[in-house]
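Residue numbers (the working numbering), protein chains in the order written: chain G, 1 to 109; chain R, 1001 to 1112.
Glycine included, each C-beta is placed from N, C-alpha and C at the ideal position.
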């Protein structure tokens, strides 16, 4: 099993819809989790950290399921500007940081 | 403005040539990192440094070298030993290894 796995997509979603994608991780001792956004040919930018209790930032909601070892990202009322690749990032107890390969999202007008 | 600056944005390397990519940060971060990203692939760690004058190999260090003589600077040299250097190179920094990483805009390296 890969350390961090994401569905590469692309997810083609109409504007205004809700979309969700997951990221699974293999190390049960992983301690910190993040979602980054990467636009085409640009650098990754932090979207949000993922807390055990779940967290919400506007239209974005991130959740952690330790029992099943996955994190999720939910985007409500999707905008054209949400089109990007979303990277899942997991940090282990030895401070090793692992980036997923990303999920591509296309919001369709 | 605080941030991470990478230069150049585009770089071309001839066969057998060493090239150096610059990374400077004014965030007062202790930790700095170099990653390589190939099309459709995740980021792979080349080298990282947690403190001045110290650095560690990442997962794909062969063919690369780094230095950390100043807190603000972490240049990466792509040596002629790196046989497949064409990629998008990203520099990042964080307060320390346990914290969120922030990225520079990247350097695209191609081979002539």
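Residue 81(G) sits in a helix when the DSSP states are folded into three classes. Per the DSSP secondary-structure output, residue 45(G) pairs in a beta bridge with 37(G). Sorting 32(G), 80(G), 81(G) by C-alpha distance to the C-alpha of residue 4(G) places 32(G) at the top. Spatial neighbours of residue 1100(R) in its own chain (CB-CB distance under 7 Å, excluding positions within 5 residues in sequence) are listed in chain order as 1094.
Contacts with chain R (Cβ-Cβ distance below 9 Å) from the segment 40-69 of chain G involve 41, 42, 43, 44, 45, 46, 49, listed in chain order.
Only exposed fits residue 1051(R), as fewer than 16 other CB atoms lie within 10 angstroms of its CB. Judged by DSSP in its simplified three-state form, residue 1025(R) adopts strand. A straight line joining the alpha-carbon of residue 1026(R) with that of residue 1092(R) spans about 12 Å. Residue 99(G) reaches chain R at 1042, 1043, counting residues in chain order whose Cβ is nearer than 7 Å. For residue 95(G), the nearest CB of chain R lies under 7 Å from its own CB, placing it at the interface with that chain. Not a single C-beta of chain G is nearer than 7 Å to the C-beta of residue 1055(R).
For the segment 1093-1106 of chain R, the beta-carbon criterion of a distance under 8 Å to any beta-carbon of chain G is satisfied by 1097, 1098, 1100, 1101, 1102, 1103, 1104, 1105, 1106.
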